[in-house]
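Scroll down for the structure; my scribbles are underneath it.
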Amino acid sequence: MEFDVLIVGGGPAGLSAAIRLKQLASETGKDLSVCLIDKGSEVGAHILSGAVIDPRGLNELLPDWQQTVSASLTPVGEDRFLWLKEHKASKLPLALLPACLKNHGNVIGSLGQVSAALAAEAEQLGVDIFPGFAATDVLFDDAGQVMGVTTGDMGLDKQGNPTAMYQAGMNLLAKMTFFAEGCRGQLGKQLIAHFDLAVNRGKQTYGLGLKEIWQIPQEQHQAGLVVHSVGWPLDNQTYGGGFAYHYGENLVAVGLVVGLNYENPYLSPFEEFQRLKTHPAFSEFLQGGERISYGARTMVAGGLPALPELSFPGGALIGDDAGFLNAARIKGSHCAVKSGMLAAEALFEAFADDQVDYTQFTRQFQQKFEQSWLYDELYQTRNFKPYMKKGLVLGSLLFGAEQWLLKGRTPWSLKLKMDDHQGLKPASQFEPISYPKPDGKLTFDKPSSVFLSNTHHAEEQPCHLRLKDIEIPIRVNLSIYASPETRYCPAGVYEVVNIQQQEKLQINAQNCLHCKACDIKDPLQNITWTAPQGGEGPIYQGM
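The C-terminal position of the sequence shown is numbered 1258 in our numbering, with every residue numbered one higher than the one before it.
In structure tokens:
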């Protein structure tokens, strides 16, 4: 199948690019075919975010979006920023917080629902949207230019042989392909390496976000309240923070983000999240409530210094596939929307006689980005992650001083020099962490949590979590790092079992939430996440 433009990924970036292209085509009377595919069973099924949404991007894309986008959103009414100790919370005065941490004018809701609503808008404009199709390979022409993607075969057995349910994948061809797969996209990762797009850039860094949605008693609900926390349960050398967002009909989105450059292999982000909910600052809202959804997803956090080159012959990276997220603000959806719009506008100008001038597109996309508010915002907070690498206290002081005194306009730009997996240290340097057993009221185990994510994978298919060397999990990960994959995975995918007095790594791929933490944190980068059959994985409800 051939199209003018192919977009891989149905999140805010991909959908915004599709909508903007069709808007421009309508304004000029141009006939432009746009196809968008998404690996989720439906658009929004794999979307997970906090989410406090800065509407700036949506305001530009669809000025009347609040009337036409059918998603329930609650205006932010109050900000609280807490510094936690185990049994105590210190509320930081809002006057002392940098502007990037304030949420006046933002809205709270489900980014998955917003994405589904944007998909409806795109379809009305004539975009062909196909959920349930996972792009598994990039197609190149004889000149080495990207010409589209291949979708994965379906109906294979564990050995990769066709079954009676076999359906061959399709080649989707386009004059331009936008890759909008989200954080640590499978194809985006390959393209960055293939075209050497990250040369002379700072190292990318990531966080793992874990989230639950709770229905709580009405008297405990404060619509529009946004709570952020730092400190306990994490130590001062481990980046991370908690959140609780009150929205909708007595709903609270509660979660924890843990930076994946942490050192202690015994640390379990899932267990740390469960502990966070026992703190009085969080439990006061949740007591007597019902947990109704769970999920986890990595988030890209390197900011401007870690952005790769955005385009290459035949394609471009947009949204979190490139790294458009402002970690200092804990927000990325508005960045994703704007990056998609900028790419669409640059591409439309580069179309000539139904062909794309790739040199012009590359120049225009970069120029439009550098002249946009998106660049200005990312530039102002570009040193956030390098500062936080120095520890919570010192990093907060340095970043706060930079924002207050110089508004981010410092004469220096810092870069991270180490990948997240390189931060992990041998288990011999640490004591195991004893986490309390779940009580089934505030705290829970992984199996019951995964159940709430509506995750499904057909067991009779090749494992989509691939090991480059099957001996490394025991010979290196277990012996040196005490098998950290059994803890950093938020879904219990990895398990060390004893079979005939021999230890072996068991991969429970059917539990996978597609968070990509294993692809990022494995100490020798031995685990590669690939897309399973299209339509599989979590089906998040309102995340």
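Heads up, the beta-carbon is just placed ideally off N, CA and C, and yes, glycines get one too.
query	result
With Val-1208 and Asn-1226 assumed to form a contact (beta carbons below 8 Å), what rounded beta-carbon distance in angstroms separates them?	5 Å
Run the CB neighbour count on Gln-1079, radius 10 Å, all protein chains shown included, and call it buried at 16 or more, exposed below.	buried
Between the alpha carbons of Gly-870 and Ser-1008, how many angstroms are there, rounded?	29 Å
Comparing C-alpha positions only, which one of Arg-1006, Val-914, Asp-872, Val-973 sits nearest to Asn-965?	Arg-1006
Between the Cα of Gly-1257 and those of Leu-788, Trp-780, Gln-738, spot the shortest distance and give me the residue it belongs to.	Leu-788
Which runs of the alpha helix (DSSP H), 4 residues or longer, sit entirely within the region 761 to 800?	771 to 776, 780 to 783
Just verifying my parser: in three-state terms, what is the DSSP assignment at Tyr-1255?	coil
If we call anything under 8 Å between Cβ atoms a contact, is Leu-797 one with Ser-983?	no
Thinking C-alpha only, which one of Lys-1161, Gly-963, Leu-811, Ile-1187 is nearest Ala-1206?	Lys-1161
Kindly give me the distance between the Cβ atoms of Pro-1101 and Leu-1129, rounded to whole angstroms, as I take these residues to be in contact under 8 Å.	4 Å
Closer than 7 Å by C-beta to Ala-883: which residues in its own chain qualify, once you throw out the five before and the five after it? Chain order, please.	Asp-868
Do you know how far the Cα of Leu-975 is from the Cα of Leu-1112?	22 Å
What are the boundary residues of the beta strand (DSSP E) that includes Gly-870?	869 to 871
I believe Leu-1228 touches Ala-1043 by the beta-carbon criterion, under 8 Å. Please report the beta-carbon distance rounded to the nearest angstrom.	Between Ala-1043 and Leu-1228 the Cβ distance is about 26 Å, and since that is not below 8 Å, they are no contact.
Near Leu-816, which residues of its chain fall below 6 Å by C-beta distance, leaving aside the five closest residues on each side in sequence?	none
Which residues in the same chain as Glu-838 place their Cβ atom closer than 8 Å to its Cβ, once the five residues preceding and following it in sequence are excluded?	Ile-844
May I ask you to report which of helix, strand or coil DSSP gives Ser-944?	strand
Measuring straight from C-alpha to C-alpha, what distance separates Glu-1060 and Tyr-1150?	51 Å
Specify the secondary structure class of Thr-1074 as computed by DSSP and reduced to three states.	helix
Quick one: is Met-891 buried, meaning 16 or more other Cβ sit within 10 Å of its Cβ, or exposed?	buried
On the DSSP letters alone, give me the boundaries of the alpha helix (DSSP H) that Met-1103 sits inside.	1099 to 1103
Under 8 Å between the Cβ atoms of Tyr-1196 and Pro-932?	no
What does the alpha-carbon distance come out to for the pair Ala-1065 and Asp-719?	12 Å
Here's a check: name, in chain order, each residue in its chain whose Cβ is nearer than 6 Å to the Cβ of Ser-1026, leaving out the five neighbours to either side.	Thr-1077, Phe-1080
Is any heavy atom in the ligand ZN found nearer than 7 Å to the beta carbon of Asn-818?	Within the structure as shown, the ligand ZN is missing, as the structure has no ligands at all.
Taking contact to mean at least 3 C-beta pairs separated by less than 8 Å, is the region 1230 to 1241 in contact with the region 885 to 904?	yes
Excluding sequence positions up to five away, which residues of its chain have a Cβ less than 8 Å from the Cβ of Asn-1041?	Cys-815, Gly-1018, Gly-1047, Cys-1050, Glu-1092, Leu-1093, Thr-1096
How close, in whole Å, do the beta carbons of Ala-740 and Gly-824 come, if the pair is a contact with beta carbons under 8 Å?	About 30 Å; that fails the 8 Å criterion.
Could you name each continuous beta strand (DSSP E) segment of 3 residues or more that falls completely within the region 953 to 1032, going from the start of the chain to the end?	955 to 962, 966 to 974, 1005 to 1015, 1030 to 1032
Taking the continuous alpha helix (DSSP H) assigned at Pro-727, which residues delimit it?	727 to 743
Answer yes or no: do Ala-959 and Phe-910 have a C-beta to C-beta separation smaller than 8 Å?	no
Which stretch, first to last residue, makes up the alpha helix (DSSP H) that contains Cys-1227?	Run containing Cys-1227: none; DSSP gives neither H nor E here.
If you follow the alpha helix (DSSP H) that Val-1052 is part of, which residue opens it and which one closes it?	1048 to 1065
Do you know how far the Cα of Leu-854 is from the Cα of Ala-1021?	26 Å
Rounded to the nearest angstrom, what separates Ile-907 and Pro-1126 at their Cα positions?	29 Å
Would you say Trp-947 and Leu-1157 are within 8 Å of each other, going by their C-beta atoms?	no
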